[in-house]
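Position 315 of the sequence shown, counting from 1, maps to 390 under the working numbering, and the rest follow consecutively.
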Amino acid sequence: MSVISLSGVILVILCIVFIVMGIQFRKLTTTSEDFMLGGRRAPFWLMLAAYLGGAIGGSSVSGYIGYGYAGGMSTIWSALLPGLGLMMFVLLFSRRLNHFGRMTGAATITDFLCARYGESVRVPAAIMSFFRPAFITGMQYLAIAILLNVAFGLPIWAGVLISSVVILAYLVTAGQYSALVTQWIQAILQSLCIVLFGIVAVKLAGGADSAIDGLYNLLPENFVNGLSLSMSQFSVWFLTLCLFYLVDPWAYMWAYMGNTPRISQNAQIALGAQFYGVLVFIAGMCVTVAVALGNLALPEGLAPDAVYAYIALNKASVPIGTFLVVGLLMTIISCGSSFVMNGVTILTRDIYNRAINRNADDKQLLNASRVSVALVSLCGIAGALWLPILVPLWVLAQALALSGLLAAIVSAWWWKRGTSAGALASIVLGGVSSIGWAMYAWATTGSPGSLVFGLHAAHIGLMVSVPVMIIVSLATKPDYSKADATSFKKLGESVKQAAADEGNPDKPGFFGYLGAEKGYVKAAWVMVVILFALHYILVFGFHIPAFGALTLWISIVVGIGMMVVIAIMGGYDLTGFLKKKSSDTGEKLRA
């Protein structure tokens, strides 16, 4: 049986399993909060695994391998900067947002803004925050379409439609419960596919020693220099792939979902230890070495995004190729389902429940949530067909959200003088200017994500939104009574007080903050910190061959280790999570 045939059989089975699971979980989904946020009950390991499944998607595998293959180490910042941005978000906001969500019932980033500025900002903020989940959902559809195009010759539009139907089928029943559980399974499979592709790529390059030797002797010097990126491109990535995460609607949703504020924080911090983003780049660079050595011939005109799919289907053994294809599709589906659910929370909460039907009951909200799954899918299809390039689509989506939301969000956290009028003007004018520049770039260069005169849509949006926020706020009367609702300091104090009231206060020091008391837990957190730091240390030193070899082996070993831990501990958490929810649901029905 060929890779295509065997992969097709396994994928059909998995899709049926996911749909059946969604139907089974439907009886656990009794409220809109269950559908949108998993009841705010996600435990540590299940949240970590599902978060990994959502964070790594089509651009993180197909797109990054293509970047590594075509651009080398300088392009790895498109993977490292999101990790840095997410870590900043988690350390600053996750515990505070989880606590805020429990106090106020918040489900979206717009709920947070409205607590500070009032309902006048809800619709424009919801529109700007919706771009990201809609476009990234489209990215996942596009990544599947590329694989189907390489495997079966299907046109891109057909692959996009097929992928949207698969994700829609299992999310529309139970929402976030389906997403959490299936993303745990998908995280295991995607981890396996990334590790396997890394090994296959090294083998194609003649083994580890040959691959490292080829990187430093066959390829251009800037290929192994992580600091050779132009400042204009770095600034775009820093804004859209790092700073953006301070206003990421998806990250806000995940912060609300954790079972406790500490779990919400710690599960996301622990993800900083994963090396999958580095491994895919190294694998792409090894493919370049294999081509340079004559060990591999790629079809002329093959897009870098399609390198992974081509090798999986044509250069790997049937068992390995099957795992690669299935794993890639699980990677894409898990990320797609996570961002669909983010879009669902925005449409259901911000548009339907707050702008259309403020008195909706839970049954109406559940129905609206299921309709929203279809609407987000349609928007994703439109995005994928509008701009069929993986990483630029991601960057553009984040540029638009950053332009509209950053000034208002930063002000809500730290600036009491910010006003509702300032926030509204900043969101609208920043967003419109960013969209306008993207349209201008599209008309003049053929891509809305291109630089024009050295400027990206993110640059223009921020140059408008930040001064507008300041000027209009200073010119209008502030409402200081609302400032404490989202104050960074006040929420931090409230989190500490709530933990003390529950008998679980923070203890002094780094380990006390994380709630680590046992020796092996402290050792694990030390390892997380070391591995996170190594991402950046190794890239800075990658121009030295010893650092290159170390990066390769650490990426593979850590990738295998994390996959095993997620499989075991995530399964343990999943069992307890479903038992607890089933018990609670039974009690509600009996009542």
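Backbone N, C-alpha and C fix where the C-beta goes; we use that ideal spot for every residue, glycine too.
Option nearest residue i by Cα separation, candidates the options
i    : options                : result
V419 : A435, I408, D436, L440 : L440
W232 : W329, G402, G282, A459 : A459
G651 : V78, I88, P118, S82    : P118
L172 : G160, L159, D186       : D186
V614 : W152, G479, F110       : W152
L316 : A435, L159, R116       : L159
E108 : A449, S82, N417, I386  : N417
G83  : P394, V632, I426, V270 : P394
Q349 : A262, A220, I94        : A262
L123 : D554, A286, I91, G347  : G347
Y555 : T494, G511, L606       : T494
M405 : L271, L264, I140       : L264
L293 : V364, Y383, A621, A384 : V364
M306 : L403, T150, L236       : T150
L368 : Y192, A276, S238       : A276
N224 : V240, D380, F313       : D380
DSSP-derived helix/strand/coil call for residue i
i    : result
L86  : helix
G301 : coil
A181 : coil
A117 : strand
G590 : coil
G176 : helix
L530 : strand
G333 : strand
P394 : helix
E577 : coil
L294 : coil
A384 : helix
D648 : helix
K582 : coil
K654 : helix
E568 : helix
W490 : coil
S253 : helix
S525 : coil
I231 : helix
P737 : With the chain covering only 76 through 666, there is no way to say anything about residue 737.
K438 : helix
Close Cβ partners of residue i (< 8 Å) along its chain, the five nearest in sequence each way excluded
i    : result
F617 : M148, V299, N300, G301, G623, T626
A574 : P336, R337, P580, D581
V366 : A372, L373
E194 : R429
Own chain residues within Cβ distance below 6 Å of residue i, not counting five before or after
i    : result
F414 : P208, I211, T212
T106 : D437
C410 : G129, G132, Q215
A226 : I79, L388
A496 : V547, T551
S501 : A482, A483, S540, V543, M544
W488 : F563
A443 : T423, Y427
DSSP bridge partner residues for residue i (one or two, in chain order)
i    : result
V639 : V639 is not bridged to any residue.
Cβ shell of residue i (< 7 Å), same chain only, five flanking positions each side left out
i    : result
G396 : V78, A387, L388
G567 : R171
K565 : D559
A345 : L123, V603
The stretch 447-459 contacting the stretch 486-506, beta-carbon criterion three pairs below 8 Å: In this structure the stretch 447-459 does not touch the stretch 486-506; the number of beta carbon pairs closer than 8 Å is below three.
The stretch 629-642 touching the stretch 349-361, judged by at least three CB pairs closer than 8 Å: The stretch 629-642, when compared against the stretch 349-361, does touch it at the 8 Å Cβ threshold.
Sufficient close CB pairs (3 or more, under 8 Å) joining the stretch 476-495 to the stretch 526-546: Touching, yes.
The stretch 165-184 contacting the stretch 549-569, beta-carbon criterion three pairs below 8 Å: Output reads yes: the stretch 549-569 touches the stretch 165-184.
Inter-stretch contact at 8 Å, needing at least 3 Cβ pairs: the stretch 587-606 / the stretch 197-205: Taking a cut-off of 8 Å for Cβ pairs, the stretch 587-606 and the stretch 197-205 do not touch, as fewer than three such pairs fall below it.
Touch test, the stretch 275-291 against the stretch 507-522, Cβ-Cβ under 8 Å, three pairs minimum: With the cut-off at 8 Å, the stretch 275-291 and the stretch 507-522 do not touch.
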